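Residue numbers (our numbering): 291 to 491.
The beta carbon of each residue, even a glycine, is placed where N, CA and C say it ideally should be.
Remember, it's a predicted structure, so these values are computed and weren't measured experimentally.
The block underneath contains the structure these notes are about, expressed in structure tokens.
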Ligand SMILES: [Zn+2]
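Written out as structure tokens, the structure is:
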């Protein structure tokens, strides 16, 4: 009797499970409660969020590291599924990140990109661009009222770890702003160029 009680307590103690924007019970039963239903209708969560949340709940026994993580949301870029976890979760998920990405990509039918939620787009973009570095970032206000994020990246476009198109799409979907990237050669390289020019004179 006591064991059954403990089992029930375990099943419903949400602090031991991956946190998702949908109730754990809804994900297990396949039926949304009125609160989650309202979130879906208002657009606070999407069908994709529910699909990914369900998937994560189903694989968390295989990946116990997920149980301390928070799934924030998922975004479909067309070619990829971006899965955003809470701040600090990537370090926690690090030992299983490759395997988790593979499993999730398989189930969703397209490659997944796993990211950590950052209120500052600079940190998120820097994670995506690593080892390239952002040397400057500013927000430009376009006369039509929209914003454009302009970043200057030290390095060559050739060395971008992901395609520029995906990068644009991620920033657009997560921050609602368009992105402009200017590439500039690293400082050491520029000095080298200058020196060579001076020598030839
Ligand atoms: Zn619910």
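When 409, 378, 402 are compared against residue 389, the one with the closest alpha-carbon | Nearest option by C-alpha distance: 402.
Within its chain, find whatever has a CB closer than 6 angstroms to the CB of residue 237; leave out the 5 residues flanking it on each side and keep chain order.
-> Nothing about residue 237 can be read from this structure; the chain reaches only from 291 to 491.
Have a look at 452, 352, 476, 474 and flag the residue whose alpha-carbon is nearest the alpha-carbon of residue 372.
-> Of 452, 352, 476, 474, the residue nearest in Cα terms is 452.
Once you ignore the five residues that flank residue 346 on each side, which residues in its own chain have a CB closer than 7 angstroms to its CB?
-> Excluding sequence neighbours, residue 346 sits near 308, 310, 356, 361.
What alpha helix (DSSP H) runs, 4 residues minimum, are completely inside the segment 305-347?
-> Correct list: 314-319, 324-332.
Beta bridge counterpart(s) of residue 402 as assigned by DSSP = Bridge partners of residue 402 according to DSSP: 371.
Please classify residue 453: does DSSP put it in a helix, a strand, or coil?
-> In the three-state reduction of the DSSP assignment, residue 453 falls in the coil class, being assigned neither a helical nor a strand state.
With a CB to CB cut of under 6 angstroms and the five nearest residues on each side skipped, what residues in its chain are close to residue 491?
-> Because residue 491 carries a pLDDT of 48, less than 50, the predicted location of this residue cannot be relied on, and the following value inherits that uncertainty. None.
Using the rule of at least 16 other Cβ atoms within 10 Å of the residue's Cβ for burial, across every protein chain shown, is residue 325 buried or exposed?
-> When all chains shown are included, residue 325 counts as exposed.
Where residue 391 and residue 418 are concerned, what is the direct C-alpha to C-alpha distance, given to the nearest angstrom?
-> The C-alpha of residue 391 lies about 15 angstroms from the C-alpha of residue 418.
Flag this pair as yes or no: are the beta carbons of residue 338 and residue 365 separated by less than 9 angstroms?
-> In this structure, residue 365 lies closer than 9 angstroms to residue 338 by Cβ.
Buried or exposed (CB count within 10 angstroms, at least 16 for buried), residue 459 | So residue 459 ends up on the buried side.
Kindly indicate which residue of 467, 411, 445, 405 has the alpha-carbon position closest to the one of residue 430.
-> Answer by Cα proximity: 467.
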